[in-house]
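Encoded as C-alpha cells, the structure appears first; notes follow it.
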Amino acid sequence: MDESQQAAIAAVASKVTYTGASTATVSWMISSEWGVVCGILVGVIGLLVNWYYKAKQDRREQAAHDRRMAGK
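Using this note's numbering, the first residue of the sequence shown is number 1077, and each one after it goes up by one.
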C-alpha cells in the first residue's frame, strides 16, 4: 500500500471517529441504547484505525529524517 492510500485511509478513519461520536451523542439524546453502543463502537474502531495509520506515517517520516541526517 503506498503512502497516498495510507493517508486517505487515515483521513477516512478520522471522519469515521467523528461519525461514531456523533451517532452516540444523538442516540443518547433520543434514548436509543443500541444507537449509543453502535456509535461508541464505530468511534473506537475509527480511532484505532486512525492511530495505526498515523503511527505508520510517523515511522516513515522518522526513517526519511534519519536518512537525510545520515547524508549530511
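All residues carry an ideal CB built from backbone N, CA and C; glycine is no exception. None of these values were measured; they are calculated from a predicted model.
Could you tell me the alpha carbon to alpha carbon distance between Ser-1108 and Val-1118, rounded to whole angstroms? In the sequence shown, residue 1108 corresponds to position 32, counting from 1. In the sequence shown, residue 1118 corresponds to position 42, counting from 1. Roughly 15 angstroms separates the two Cα atoms.
What's the C-alpha gap between Tyr-1129 and Glu-1137? Mapped onto the sequence shown, residue 1129 falls at position 53. Mapped onto the sequence shown, residue 1137 falls at position 61. Their Cα atoms are separated by approximately 12 angstroms.
Selection from Ile-1085, Ser-1080 and Ser-1103 that minimises the alpha carbon distance to Ile-1121: As a first step, residue 1121 is located in the sequence shown; it is residue number 45 there, counting from the start. It is Ile-1085 whose Cα lies nearest to the Cα of Ile-1121.
Am I right that Val-1125 and Ala-1089 are in contact with their C-beta atoms under 8 angstroms? What's the rounded C-beta distance? To locate residue 1125, count along the sequence shown from 1; it is residue 49. To locate residue 1089, count along the sequence shown from 1; it is residue 13. Rounded, the Cβ-Cβ distance is 4 angstroms, consistent with contact.
Please state whether the Cβ-Cβ distance between Ser-1103 and Val-1092 is less than 7 angstroms. Against the sequence shown, residue 1103 aligns to sequence position 27. Against the sequence shown, residue 1092 aligns to sequence position 16. Contact check for Ser-1103 against Val-1092 fails: the beta carbons are separated by 7 angstroms or more.
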